[in-house]
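Below is one structure, written out as structure tokens; comments come after it.
Number of protein chains: 2
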Amino acid sequence: MKTKSTIVQVAKRIGVAPSTVSRAFTDPGKLKPETVQRVMDAAAEIGYVPNHHARALITGRSGAIGLVLPDVANPFFPPLIRYAQLAAEDYGLAVFVADTAEDTKRELQMIERLSPQVEGLIIASSRLSDRVLQTIAERQPTVLINRDVAGVPRVLISTSKALEEGLRHLVEAGHTRIAYVGGPARSWSDAQRHGCVQSTLERFGLEPHFFRAKSGNYADALEVSGEVEAAGATAVIAFDDVVAHGLMSGFRAHGLRVPEDINVLGCDDTLAITTHPPLSSISLDLASAARSAVTILRSAGRPGASSDQRFELEGSLVLRGTTN
Amino acid sequence: MKTKSTIVQVAKRIGVAPSTVSRAFTDPGKLKPETVQRVMDAAAEIGYVPNHHARALITGRSGAIGLVLPDVANPFFPPLIRYAQLAAEDYGLAVFVADTAEDTKRELQMIERLSPQVEGLIIASSRLSDRVLQTIAERQPTVLINRDVAGVPRVLISTSKALEEGLRHLVEAGHTRIAYVGGPARSWSDAQRHGCVQSTLERFGLEPHFFRAKSGNYADALEVSGEVEAAGATAVIAFDDVVAHGLMSGFRAHGLRVPEDINVLGCDDTLAITTHPPLSSISLDLASAARSAVTILRSAGRPGASSDQRFELEGSLVLRGTTN
DNA sequence: TATTGTCGTGCAAACGTTTGCATGCAAGAG
DNA sequence: CTCTTGCATGCAAACGTTTGCACGACAATA
Chain A
-15 MKTKSTIVQV AKRIGVAPST VSRAFTDPGK LKPETVQRVM DAAAEIGYVP NHHARALITG
45 RSGAIGLVLP DVANPFFPPL IRYAQLAAED YGLAVFVADT AEDTKRELQM IERLSPQVEG
105 LIIASSRLSD RVLQTIAERQ PTVLINRDVA GVPRVLISTS KALEEGLRHL VEAGHTRIAY
165 VGGPARSWSD AQRHGCVQST LERFGLEPHF FRAKSGNYAD ALEVSGEVEA AGATAVIAFD
225 DVVAHGLMSG FRAHGLRVPE DINVLGCDDT LAITTHPPLS SISLDLASAA RSAVTILRSA
285 GRPGASSDQR FELEGSLVLR GTTN
Chain B
-15 MKTKSTIVQV AKRIGVAPST VSRAFTDPGK LKPETVQRVM DAAAEIGYVP NHHARALITG
45 RSGAIGLVLP DVANPFFPPL IRYAQLAAED YGLAVFVADT AEDTKRELQM IERLSPQVEG
105 LIIASSRLSD RVLQTIAERQ PTVLINRDVA GVPRVLISTS KALEEGLRHL VEAGHTRIAY
165 VGGPARSWSD AQRHGCVQST LERFGLEPHF FRAKSGNYAD ALEVSGEVEA AGATAVIAFD
225 DVVAHGLMSG FRAHGLRVPE DINVLGCDDT LAITTHPPLS SISLDLASAA RSAVTILRSA
285 GRPGASSDQR FELEGSLVLR GTTN
């Protein structure tokens, strides 16, 4: 592990000022092409690589962003991590990932810890209050994912249109007792989906039946399946695919067949074809969402950036084997 | 977004030298308790928070580690991320996550990009060659997870004992045609499991049947299930739970019942009870693994650190509904 | 030929810390 | 009463960059 080489060593080597070496890396257009080449060669020879921290210290830009999310293990998030990282790469940014374990206290703590060492924060599915989020956003560039807070840039992955379409499909197929099984109480997505089911069903003159899988995990959904069944629902919309999966297992355990006895529509399309039968769901363009978030983050803090950007994109209905 | 406050502003405020403020934060024992208190109060008042980069510049420690892994979306890794982050937190370290998308080129690239800005690297399930990994480890503190390269610190999550136990169980239940369906070709875990199945079965005087799900994902496993069936296997060991899941779906599609017609044993226990029937698998202590990795990383680079640490921990067999 | 402009490069002052050394002071030892 | 010791703090030099300003050379214009 030999000692790191610096910009002045490179400079000495070819008899040039340190500032010239610096410029060769940060703004080559200012230099004679030949000089740039000489610098690059020398740098390569002695294995010079710019010191991130020195650079960050003087420019005030850390070259990193933070991605905070409630639960890495929830299949919704890993793709988000991947795409966010991919997008960040294009801007030369690295990504800190912080798992808050669905804990508000911890979320705040992680944000405060990350805050000073990143250029911006992407906060996905935050459980924090609007006020707190606004305060955070005032302090540094922030973009929210799936959380709609006025005045702070956000990208929302809406499922309203697709959900409406799915509901219409169910109603047309003759279903009249339709249930919605919600997820985490503080989740924006859950509120949105809940509201959509309610208003759409009312429009059809149907009364919605609401249930909730407290933590939105498989076990909770499994448990609540009995109630759904007891309510006599013939179709159920699940907060997300993992809830849908749990419900299906519960139904099967009780001898109900999907889709013959009860239809199931998931959301987020994280499980795709891995259930039996393959789960009908609502597919999300996470790649776009992540890319937008990073882009917005980049432009935030810049002069003339609107602080009230709201980027909404729609999921699309994918009918597979759990609906008829 | 008011301007950040610095150490000298805090110092001025209470008429003390900047170095004193610095010490209050880094080495309070050196100061009179009363002074420390005054510094802390003043810091809190003007909202001072130490600048990470300035600190990193002079100490040479960046306060971050990198975690590189082949695929965030593989359910094996999210828990690893969470636990690694938890362990890192205890040392005041933040975690960069890098997804290599199972691509060797990209893995190397990510490592080189991350390398200058972290204190150490945790590389999980690397697809790089031994030689390359050794070179990397020479340049900076590195610990490998599930990769056994001499001379570089590593934590191995072995499944040999549990696998042997599982095989014995199957054999005692009367199975004679037992198959192993492997995963990614360059994976250490796969090689280890393959070898274990081979030697154990030979010991029992049985001939193993080998197959492979190329990328180790659900779709590949689904596809290979036909071959396994055609070979007349009555029990199959899968590289991991997602392969097991794919196989089960394939079997079911062909009218085979699990476990009546064919037994299935997964590995890594990432799917737990979410399959039907609940998957027998081998459970891993990822929390310990992550914690060890971080701890080893911390001690590496320190004087007197052995460069050949090899930390091995065993998985444990969990019999559920897919074996009899 | 004198004047202005452009281009390529160097100089030196930051950026916000940490840390070895020096200093002053009070208390204990002789 | 002097001398030593140790503690609490201050001073100033780093750490490795970036960047505004200045400078000289040369070309273009007048």
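Chains as they are written, first to last, in the numbering used here: chain A, -15 to 308; chain B, -15 to 308.
Backbone N, C-alpha and C define an ideal beta-carbon position, used for all residues, glycine too.
None of these values were measured; they are calculated from a predicted model.
Which of the three DSSP states is assigned to residue i in this structure?
i: H238 of chain A; result: coil
i: R304 of chain A; result: coil
i: A222 of chain A; result: strand
i: H193 of chain A; result: strand
i: S183 of chain B; result: helix
i: A217 of chain B; result: coil
i: E207 of chain B; result: helix
i: E86 of chain B; result: coil
i: L297 of chain A; result: strand
i: I266 of chain A; result: strand
i: L249 of chain B; result: strand
i: G230 of chain A; result: helix
i: A78 of chain B; result: strand
i: S291 of chain B; result: coil
i: V(-6) of chain A; result: helix
i: S(-11) of chain B; result: coil
For residue i, return the contacting residues in chain A, with the cut-off set at a CB-CB distance below 8 angstroms.
i: A157 of chain B; result: Neighbours of A157 of chain B on chain A: none; closest Cβ ~25 angstroms, over 8 angstroms.
i: I65 of chain B; result: V56, V81 and D83
For residue i, go through chain B and note every residue whose CB falls closer than 9 angstroms to its CB, in chain order.
i: R236 of chain A; result: H260
i: L98 of chain A; result: A78
i: Q21 of chain A; result: Under the 9 angstroms cutoff, chain B gives no residues; its nearest Cβ is about 22 angstroms from Q21 of chain A.
Under 8 angstroms Cβ-Cβ, which residues of chain B neighbour residue i?
i: V127 of chain A; result: Going along chain B, no residue has its Cβ under 8 angstroms from V127 of chain A, so there is no contact; the nearest lies around 15 angstroms.
i: S46 of chain A; result: H36 and H37
i: P168 of chain A; result: What P168 of chain A touches in chain B: nothing, since even the nearest Cβ is about 17 angstroms away.
i: Q69 of chain A; result: V81, A82 and D83
Assuming residue i and residue j form a contact by the criterion Cβ under 8 angstroms, report the distance between their Cβ atoms to the nearest whole angstrom.
i: V302 of chain B; j: S267 of chain B; result: 5 angstroms
i: G299 of chain B; j: T184 of chain B; result: With 8 angstroms as the limit, G299 of chain B and T184 of chain B do not qualify as a contact, their Cβ atoms being about 15 angstroms apart.
i: L112 of chain B; j: L98 of chain B; result: With 8 angstroms as the limit, L112 of chain B and L98 of chain B do not qualify as a contact, their Cβ atoms being about 14 angstroms apart.
i: V227 of chain A; j: V165 of chain A; result: 6 angstroms
i: R260 of chain A; j: R152 of chain B; result: Sequence inspection shows His at residue 260 of chain A; the Arg mentioned does not correspond to that position. With a Cβ gap of about 30 angstroms, H260 of chain A and R152 of chain B do not count as contacting.
i: G104 of chain A; j: T88 of chain A; result: So it is not a contact: roughly 21 angstroms between Cβ atoms.
i: N247 of chain A; j: L154 of chain A; result: 6 angstroms
i: A222 of chain A; j: G239 of chain A; result: Actually they do not touch by this definition, with Cβ atoms about 20 angstroms apart.
i: I129 of chain B; j: I107 of chain B; result: 7 angstroms
i: A27 of chain A; j: V(-6) of chain A; result: 5 angstroms
i: A85 of chain B; j: D55 of chain B; result: 7 angstroms
i: L51 of chain A; j: F80 of chain A; result: 7 angstroms
i: A71 of chain A; j: V220 of chain A; result: Incorrect: roughly 35 angstroms between the Cβ atoms, too far for contact.
i: V139 of chain B; j: Q118 of chain B; result: Actually they are not in contact, since the Cβ atoms of V139 of chain B and Q118 of chain B sit about 17 angstroms apart, beyond 8 angstroms.
i: L297 of chain A; j: I65 of chain A; result: Rounded, the Cβ-Cβ distance is 18 angstroms, inconsistent with contact.
Starting from the beta carbon of residue i, find every residue of chain B whose beta carbon is closer than 7 angstroms, and list them in chain order.
i: I(-9) of chain A; result: The contacting residues do not exist; I(-9) of chain A stays about 13 angstroms from chain B at best.
i: H178 of chain A; result: Near H178 of chain A there are no residues of chain B at all, since even the closest Cβ is about 24 angstroms away, more than 7 angstroms.
i: P62 of chain A; result: V56, A57 and P62
So which residues of chain A does residue i contact, with C-beta pairs closer than 7 angstroms?
i: Q293 of chain B; result: Simply none; closest approach about 17 angstroms.
>> Please give me, in chain order, every unbroken run of the alpha helix (DSSP H) with length at least 4 that falls completely inside the stretch 98 to 164 of chain B.
In response: 114 to 123 and 144 to 156
> In the stretch 29 to 41 of chain A, which residues sit with their C-beta less than 9 angstroms from some C-beta in chain B, listed in chain order?
Replying inline: V33, P34, N35, H36, H37, A38, R39, A40 and L41
>> Restricting to runs no shorter than 4 residues, where is the alpha helix (DSSP H) found entirely within the stretch -4 to 72 of chain B?
In response: 2 to 10, 17 to 30 and 36 to 43
>> Beta carbons nearer than 8 angstroms to chain A: which residues of the stretch 105 to 130 of chain B have them?
In response: E122, R123 and Q124
> Which residues, in chain order, does the stretch 171 to 205 of chain B contribute to contact with chain A at a C-beta distance below 7 angstroms?
Replying inline: Y202
> Taking any Cβ of chain A, which residues in the stretch 216 to 245 of chain B have a Cβ under 7 angstroms from it, in chain order?
Replying inline: H229, S233 and R236
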